[in-house]
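One structure is given below, encoded as structure tokens.
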Amino acid sequence: MTQLSRAALAALPARVRRPDFDPARLGTGIVHLGIGAFARAHIAAFTQPLLAADPSWGMLGVSLRRSDTRDALAPQDFLYTRAERDGTGERLEVMGALTGIAVGAADALARLVDPAVRIVTITVTEKGYGRDLDAAAMGRDSMPGLLATALHRRRSAGVAPFTVLSCDNLPSNGAVTRDVVARFARSIDPGFARFVAQDVAFPDSMVDRIVPATTPQDRAGVDAALGVTDAWPVICEPFTQWVIEDHFPQGRPAWERSGAELVSDVRPYEDMKLRLLNGSHSSIAYLGQLAGWETVADAVAEPALRAHIAALMQEVAATLAMPASVDLEGYCRALLTRFANPALRHRTAQIAMDGSQKLRQRLFAPALVRMEKGLPAPRIALGIAAWLRFLQGRADDGSALGLDDPQADRLRAAAANAPDPPALCRTVFAMEDIVPPALAAKTPFRDEVLAALARITERGVREALRTN
Ligand code: CS2
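Be aware that the sequence shown starts at -4, since it is given in the numbering used here, and climbs by one per residue.
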């Protein structure tokens, strides 16, 4: 079979959508840091429909550490297939929004100083922000180091700063990004740090689309449908959402025409998504790892787990203050349907990664709101208990579970040294960078976590959920 490329576009089957512009003629107006499957299925999908009208908004991808995405896509002119899947079938589209992929900070820096680049979008995952690290520990080839260096060079050359748009799953991701970039900028020059904090725009945004890692079967299926090979297609659900704070001094693509919501305050939407979607996801991931459910769809096919997640969402919804236009009940119902999507193999092991970076905004934050309101939080507590048990490294059937987390050493040591579950809970709750001290101090919450931990330790997750 031949490989996907610009030359192969014309011969693709009619049902495959393709760019309605010439990908060879795009300019690079956006640089995206962290060009993984998510960005290729979400940000590129919102941008592609606008490129015929304005080809200046092509996207250059950056991989800070790995060359695998560039190596896969370069031989195919940076084209790739996006497959949207649900129970009703599959829709295929060839994506042509990428103008290239730079690998490593030096390569990226050369592109970031180009005045044509007006926006830098980011998906480097929660741990890419180094929220607890100083500039020396982060280094120049980190996201904050690279952006601070690029903004400094632009300033010295009299080039206006680009707008920095974080698309990671963090509350107030714009402000968080401003803080970490300004902190790095201080190590270059304090005056420049003030410029970063005051004169560079860091709008906030909430992104949503479930994009599991692509499997070899996915590749084979896409190749068969296309009649040409695609070294790295991306697979996603049809649902997508992007809520963006409209603050782009250098201009932006007309993303609202692709369905993005441009608002003045993103925070309520971030909390809604992080607590309801991602909080449920993390709960499903740890319970699923213990119980032996390989994917999210396998887990929610289990009536007791599904009922638990529905109740968790009710518990969490009470912590949110949403604009009147948002139908929270409908949002929760839709989430359960999305989780059950039979055409996605979203592995619980993938979501279980990096819990130390994720749980603060997903589960600890809503638990604290409930405690402050004097409300119990037993469903949230069960998710936390499942994470603590997961740290012990054994599923309910005794099989070994891996821990993929930047804090793995500390967490593994805590689990290995704790003589019993209460001691494990005590040690982990004392880690202030992972568990907010205000929540760790709430005895009623600790008691709920301990009760849940005892239940799943004695009976196993399946039984504990059934007899809840
Ligand atoms: C998931 C997210 O891996 C994870 O932690 O919860 O990647 C989730 O699929 C996306 O945020 C959905 O928008």
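Backbone N, C-alpha and C define an ideal beta-carbon position, used for all residues, glycine too.
Item, Value
"Pull up the distance between the alpha-carbon of residue 1 and that of residue 261, whole angstroms please.", "38 Å"
"Taking 6 Å as the cut-off, is the beta-carbon of residue 273 closer than that to any non-hydrogen atom of the ligand CS2?", "yes"
"With residue 452 as the anchor, note down where its alpha helix (DSSP H) starts and where it stops.", "438 to 454"
"Spatial neighbours of residue 343 within its chain, please: CB distance less than 7 Å, with the 5 preceding and 5 following residues excluded, ordered by chain position.", "279, 280, 283, 284, 288, 289, 290, 291, 294"
"DSSP beta-bridge partners for residue 322?", "DSSP, once it has assigned bridges, lists no residue as partnering residue 322."
"Confirm, please, whether the CB-CB distance from residue 372 to residue 41 is below 7 Å.", "no"
"Under DSSP, the alpha helix (DSSP H) around residue 23 begins and ends at which residues?", "Note, residue 23: premise wrong, no alpha helix (DSSP H); beta strand (DSSP E) at 23 to 28."
"Have a look at residue 379 and residue 398 and give me their C-alpha separation to the nearest angstrom.", "15 Å"
"Quick check: is any heavy atom of the ligand CS2 less than 6 Å from the C-beta of residue 429?", "no"
"Could you tell me if the beta carbon of residue 168 falls within a distance shorter than 6 Å of some heavy atom in the ligand CS2?", "no"
"DSSP three-state label for residue 464, please.", "Outside the displayed span of the chain (-4 to 463) sits residue 464, for which this structure offers no information."
"Ordered along the chain, which non-local residues of its own chain (more than five positions away) have a Cβ less than 6 Å from that of residue 459?", "450, 451"
"Taking the alpha carbon of residue 303 as the point to measure from, which residue in 80, 276, 124 has its own alpha carbon closest?", "276"
"Check whether the Cβ of residue 276 lies closer than 6 Å to any heavy atom of the ligand CS2, and answer yes or no.", "yes"
"Could you tell me the distance, in whole angstroms, from the CA atom of residue 250 to the CA atom of residue 77?", "19 Å"
"Measuring CA to CA, which of 319, 325, 318 is closest to residue 308?", "325"
"Pairing CB atoms from the stretch 90 to 97 with CB atoms from the stretch 137 to 144, are three or more of them under 8 Å?", "no"
"Applying the 10 Å Cβ sphere with the 16-neighbour rule, what's the burial state of residue 352?", "buried"
"Kindly indicate the opening and closing residues of the beta strand (DSSP E) around residue 116.", "114 to 117"
"Is it true that the CB of residue 356 sits closer than 7 Å to the CB of residue 166?", "yes"
"Say yes only if the C-beta of residue 336 is nearer than 6 Å to one or more non-hydrogen atoms of the ligand CS2, and no if none qualify.", "no"
"Does the stretch 48 to 63 come into contact with the stretch 96 to 104, if we say contact requires no fewer than three beta-carbon pairs (one atom in each stretch) closer than 8 Å?", "yes"
"I believe residue 80 touches residue 130 by the beta-carbon criterion, under 8 Å. Please report the beta-carbon distance rounded to the nearest angstrom.", "Rounded, the Cβ-Cβ distance is 42 Å, inconsistent with contact."
"Alpha carbons only, please: which of 49, 418, 394, 82 is nearest the one belonging to residue 233?", "82"
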